[in-house]
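Each number in the numbering used here corresponds to the 1-based position in the sequence shown with 179 added.
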Amino acid sequence: MEIETTVPQLRIRATNERQLQLDGQWVLYWMTAFRRVQYNFALQYARDVAKQLDRPLVILEALRVRYQWASDRFHRFVIEGMRDNAAACRSLDVLYYPYVEPQPGAGAGLVRRLAEEACLVVTDDYPCFFHPQMIRVVSRSLPARLEAVESNCLMPLAAEERTFTVAHSYRRFMQKTLPQHLEYTPEPNPLDGRSTRSMPVCKRLPNDITQAWPAADLGALLSPGGLSAIPIDHGVGAGAVEGGCRAAEKLLAHFITRRLGSYDHDRNEPDEFGSSELSPHLHFGHISAHDVFDRVMQAEKWHPGKLLKPNGKVNGFWGVGENAEAFLDQLCTWREIGFNMCWRQSNFDRFESLPEWALETLQEHAQDERPQLYSLDEFENAQTHDEIWNAAQRQLVCEGRIHNYMRMLWGKKILHWSRSPREALAIMLELNNKYGLDGRDPNSYSGIFWVLGRYDRAWGPEREIFGKVRYMTSENTAKKHKLKKYLKRYSVES
């Protein structure tokens, strides 16, 4: 049976060879990465299937214990999003079921049990962290057809036929290719009344499911001490940013009205709050790149007729103001080139994935004497001799984020003060993934590997330790940027 859908086929991927079960009780949307009910191709596809088969739509959003770096910080952020999704679905004609695993392995069998009565299982196609492996394992044992739908980026990842190694070439490709895909954007509200009016409704799940896997009490979990019984790292507390779709929408509105007008300058100034602060919400799927793009373009009064000829440059393609052009380059080029790498290269998080020139020069200088050497514990506890680096590390530990410019310096100095480039990479990944709300994301891997030469070129003069890899120092950072407020904010006494 061929499914009629409003979602581009380029974004839909069957992960097993099972057939649709036309006598199933529901269509299951297993929400794993795009944790939102707006601008979501995967949810939209599941709705289309449910409407065509005249079956209820059931949404399962689950959170397990056994993921690497599991902590209060990440659990709370995800659960705040679940709270928003539950509230949004109360008035909609779908059943939303939040499940938070109380102990390792307690959730085993839940997806399979729901799939036993499903016509089809739809899930999110996310190319990073544990998601690809999880889908491969589940698809083999699931008693239903499993289809993964990609809703990561403005550009369908399957439309990219090669791995891009520099931003300039990706930017030229994007400018030539993306406009045609913008004609097929996800619906802002795929579950509004007009879209689901004719669909039957599943009022509740069977008792054996709700008793074996009780729905999460989200309010209790978000109360003080609510996560204490779950065996995760309680030493990494909540970050500075609230999770969920509502918080993301507020941040986006604030950015457009208060920060977009000076974005190109302020985003690189540590003393300023110039960024959108949306990277954690983009990572956890609480907001869509399509939503961000649409809202920025509405503010710029943009229409497709403003597009200029592709030129591969940061400015001058979209036909909007220079600050919006700078932001769109981050959203459309730098964010999406990272997804391109993770989608196409299975070793994206390995040292060997660096470009040949970077591997060669780093290996040539791997035995160079280091001016200082610090252990992982010393880095983690901000115990270096450099107050600027220490401030950036304290921001990461306390808030779950690092200022855009300071993140680059943070990585460069870890390379400078580690025993080898491989050890530096391991330290950067551990610290960023343990504390960063936007860690474990294609963009995080782009930033960390950029420190070691990815998406960059060889620089001169050749230096000790760095070789031909771009060099940065705290001294030059202090000369180029205002740091007084930043250093005070993240000092030991603060």
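Think of the CB as a built atom: it goes at the ideal place given N, C-alpha and C, for glycine as much as any other residue. A quick note: this is a predicted structure, and the numbers were derived from the prediction, not measured.
Given this structure, state the Cα-to-Cα distance separating residue i from residue j, to the nearest angstrom.
i    : j    : result
F241 : M261 : The sequence as given places Ala at residue 241; Phe does not occur at that position. Roughly 9 Å between the two C-alpha positions.
H469 : L333 : 6 Å
E326 : A432 : 34 Å
N490 : Q354 : 8 Å
D303 : M210 : 6 Å
W522 : V328 : 13 Å
V493 : D508 : 6 Å
S670 : A570 : 6 Å
S554 : S597 : 8 Å
P281 : P311 : 24 Å
N611 : I567 : 17 Å
Y584 : Y665 : 12 Å
M651 : N195 : 48 Å
P235 : L201 : 13 Å
C629 : D635 : This sequence places Trp at residue 629; Cys is not what is there. Rounded to whole angstroms, W629 to D635 spans 7 Å at the Cα level.
A674 : E501 : Any question about residue 674 goes unanswered here, given that the chain covers just 180 to 673.
N560 : A265 : 38 Å
L384 : F527 : 40 Å
L662 : Q188 : 49 Å
E181 : M520 : 32 Å
D565 : D443 : 28 Å
R446 : E504 : 13 Å
R423 : R529 : The displayed chain sequence assigns Gly, not Arg, to residue 423. Between G423 and R529, the C-alpha separation is close to 31 Å.
R549 : E602 : 13 Å
R668 : E448 : 14 Å
R425 : S402 : 18 Å
H660 : L631 : 23 Å
Which stretch, first to last residue, makes up the alpha helix (DSSP H) that contains residue i?
i    : result
L461 : S458 to H462
I191 : From DSSP, I191 is part of no alpha helix (DSSP H) but of the beta strand (DSSP E) over I191 to A193.
S374 : G372 to T375
F352 : A346 to H360
E641 : Where E641 is concerned, there is no enclosing alpha helix (DSSP H), given that its DSSP letter is neither H nor E.
N386 : N386 to A391
G398 : L397 to L401
K677 : Any property of residue 677 remains undetermined from this structure, which presents the chain solely from 180 to 673.
Note the first and the last residue of the continuous beta strand (DSSP E) segment covering residue i.
i    : result
D303 : A297 to D303
P277 : L274 to V279
V206 : W205 to M210
E428 : Counting along the chain, E428 falls outside any beta strand (DSSP E), though it belongs to the alpha helix (DSSP H) covering C424 to H433.
A327 : L325 to V328
A241 : L236 to L242
According to DSSP, is residue i part of a helix, a strand, or is it coil?
i    : result
S250 : strand
Y634 : strand
W536 : helix
D412 : strand
D528 : coil
M334 : coil
W513 : helix
N447 : coil
Y363 : coil
K647 : coil
G268 : According to the sequence displayed, residue 268 carries Cys and not Gly. Correct three-state label for C268: helix.
M313 : helix
R214 : coil
Q231 : helix
Q188 : helix
T656 : helix
V257 : helix
C307 : coil
M378 : coil
E543 : helix
E319 : Here residue 319 is Arg; the residue named in the question, Glu, does not match the sequence. R319 falls in the helix class under three-state DSSP.
V263 : The question names Val, yet the displayed sequence has Asp at residue 263. D263 falls in the helix class under three-state DSSP.
Q223 : helix
S407 : coil
M520 : helix
S670 : coil
G288 : coil
message: To test your reading of the DSSP string, which unbroken alpha helix (DSSP H) runs of 4 or more residues are found completely within the stretch 548-631?
response: You should have 555-559, 566-578, 583-595, 600-614 and 621-630.
message: Assess contact between the stretch 258-278 and the stretch 369-385, defined as three or more Cβ pairs (one per stretch) separated by less than 8 Å. Is contact present?
response: Touching, yes.
- prompt: Quick one: complete alpha helix (DSSP H) runs, 4+ long, within the stretch 453-509?
  reply: Correct list: 458-462, 468-478 and 501-508.
query: So does the stretch 296-309 actually touch the stretch 390-401, counting three or more Cβ pairs closer than 8 Å?
result: Contact fails: fewer than three Cβ-Cβ distances are below 8 Å.
- prompt: Do the stretch 239-253 and the stretch 443-458 touch if we need at least three Cβ pairs shorter than 8 Å?
  reply: No, they do not touch.
- prompt: Does the stretch 435-448 touch the stretch 397-417, meaning 3 or more C-beta pairs lie closer than 8 Å?
  reply: No, because fewer than three Cβ pairs between the stretch 397-417 and the stretch 435-448 fall closer than 8 Å, the two stretches do not touch.
- request: Would you check if there are 3 or more beta carbon pairs closer than 8 Å linking the stretch 536-546 to the stretch 632-647?
  value: Three or more beta-carbon pairs drawn from the stretch 536-546 and the stretch 632-647 are found closer than 8 Å, and the two stretches are therefore classed as touching.
field: contact_flag[the stretch 216-233, the stretch 586-606] where n(CB pairs < 8 Å) is 3 or more
entry: The count of Cβ pairs closer than 8 Å, one atom from the stretch 216-233 and one from the stretch 586-606, stays below three, leaving the stretches out of contact.
message: When you compare the stretch 336-353 with the stretch 211-225, are there three or more beta-carbon pairs, one atom per stretch, that lie closer than 8 Å?
response: With the cut-off at 8 Å, the stretch 336-353 and the stretch 211-225 do not touch.
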